[in-house]
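The structure appears below as structure tokens.
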Amino acid sequence: MGFKFEKRQAVLLERQDIILWRKNYLQKIRDLRQENAPNYYLDETWVNEGHSETRVWQDINIKSSYEASSSNLTVGLTVPKGKGRRLIITPIGSKEGFVRDAADIFIGKKSGDYHEEMDGNHFEKWFETIMPKLKPQNIIVMDNDPYHSMKKEKIPSWRKNAIQEWLSQKKVAWNQDLIKIELLQKVNEIKHLYDSYKVEEIAKKFGHKILRLPSYHCELNPIEMIWSQVKGYVSRGNKSFKLNKVKELVIKGIKNVSTQNWMNCINHVIKKRERDVGN
């Protein structure tokens, strides 16, 4: 049958294109580091209004709420059932800390994956507003989520009449005798002029460049570790379970992340990258 009974692998086999993407990314960011190019990092996250600590100190001698009350002790905060509403948060930061007053924070309206809340147009508007706040000629590291990857122009690839119209708009000559594959050859000859991402065009306008993380490699973005610090601050301080108070905690949590915290996280990722380059 072509099978044999073996111990299963602990890691997933990686696609070859992602392996190559990671290799190119690691080499590119290593070169940029040697050039001392400033790097900024961004990523989205979320916080529920019920976000709180799941582990607390307890007196093991107290066996019931009645005993706690009799001993003038509290049984602690009652966390609301369910996750409640949530905030979607997008900031940007560097070794100098989070960029001041740059975080985009809004209330989510859906209960599924928070990525479903993200909208390319909303992200691009926010992205353009923060550009003047960044140092000149820097590299912005982000992942390849769909809302980061809206194309400047949709290039036709299926309907023959749409391909013909697109070629005419670009002032490329064609005739009715050409079949679809011949029309697509003409598209392929010039599509590199138009096949760009909107956010990259925005960044370019302000003198910046974008470097995209390989898929499934969020651990190469130091902001992931920074987020755990911010969320930890929120969970420790969340006593009201009200979204407006949670937002205040998020803003304070962002401000409380020091440049040393950022440097520690960036250096941790750099060490990991160097190990990966060596493998």
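With UniProt numbering, the residue at position 126 of the sequence shown is 126, and numbering never jumps.
We put the CB at the ideal spot given by N, CA and C, even for glycine.
Just so you know, these numbers come straight off a predicted model, no measurement behind them.
Tell me, to the nearest whole angstrom, how far the beta carbon of residue i is from that of residue j; I am working on the premise that it is less than 8 Å.
| i | j | result |
| --- | --- | --- |
| P38 | N161 | Going by Cβ atoms, the distance from P38 to N161 rounds to 47 Å, so no, they are not a contact pair. |
| V234 | V250 | 6 Å |
| K272 | E219 | 7 Å |
| residue 303 | L211 | Outside the shown range of the chain, which is 1 to 279, sits residue 303, and nothing can be said about it. |
| W174 | L167 | 5 Å |
| I266 | P222 | 5 Å |
| M131 | F206 | 4 Å |
| Y194 | K152 | 7 Å |
Check whether the Cβ atoms of residue i and residue j sit closer than 7 Å, and answer yes or no.
| i | j | result |
| --- | --- | --- |
| M150 | K191 | no |
| I92 | F106 | no |
| N48 | R86 | yes |
| G84 | T259 | no |
| K133 | V99 | yes |
| T241 | G108 | Note that residue 241 is Phe in the sequence shown, not Thr. Going by C-beta atoms, F241 is not nearer than 7 Å to G108. |
| I254 | V230 | yes |
Measuring alpha carbon to alpha carbon, tell me which of the options ends up nearest residue i.
| i | options | result |
| --- | --- | --- |
| V129 | I155, D101, D119 | Note that residue 129 corresponds to Thr in the displayed sequence, not to Val. When only C-alpha atoms are compared, the closest one is D101. |
| S196 | K209, L184, H122 | K209 |
| N261 | S94, V246, R15 | S94 |
| S52 | K255, T259, N238 | N238 |
| S157 | M118, V187, F123 | V187 |
| D119 | K109, G232, Y147 | Y147 |
| W46 | E274, K252, W227, D276 | W227 |
| E182 | I163, Q34, G232, D104 | I163 |
| H122 | D104, Q27, P136 | D104 |
| K180 | Q169, R33, E165, K170 | E165 |
| G90 | D276, K247, R275, E274 | Per the sequence shown, residue 90 should be read as Thr rather than Gly. Cα-wise, what sits closest to T90 is K247. |
| E189 | D276, L178, V172 | V172 |
| K170 | R15, D177, K154 | K154 |
| E274 | R33, R15, Q16 | R33 |
What do you reckon, is the C-beta of residue i under 6 Å from a heavy atom of the ligand ADP?
| i | result |
| --- | --- |
| K247 | This structure lacks the ligand ADP, and indeed carries no ligand of any kind. |
Item to check | Contact the segment 28 to 43 vs the segment 141 to 149: 3+ CB pairs below 8 Å | outcome: Touching, yes, given that three or more Cβ pairs across the two stretches are closer than 8 Å.
Next on the checklist: Under 8 Å, with one C-beta from each stretch per pair, do the segment 18 to 25 and the segment 199 to 209 reach the 3-pair mark?
Outcome noted: Verdict: no, contact absent.
Item to check | 4-residue-minimum alpha helix (DSSP H) runs that sit fully inside the segment 78 to 150, ordered along the chain | outcome: Runs of alpha helix (DSSP H) with 4 or more residues, each lying fully within the segment 78 to 150, are found at 120 to 130, listed in chain order.
Item to check | Every unbroken beta strand (DSSP E) within the segment 16 to 53, with a cutoff of 3 residues, ordered by chain | outcome: Considered as a whole, the segment 16 to 53 harbours 39 to 42, 45 to 48 as its complete beta strand (DSSP E) runs of no fewer than 3 residues, in chain order.
Checklist entry - Which whole runs of the alpha helix (DSSP H) in the segment 167 to 229 are 4 residues long or more, in chain order? => result Runs found: 180 to 190, 198 to 205.
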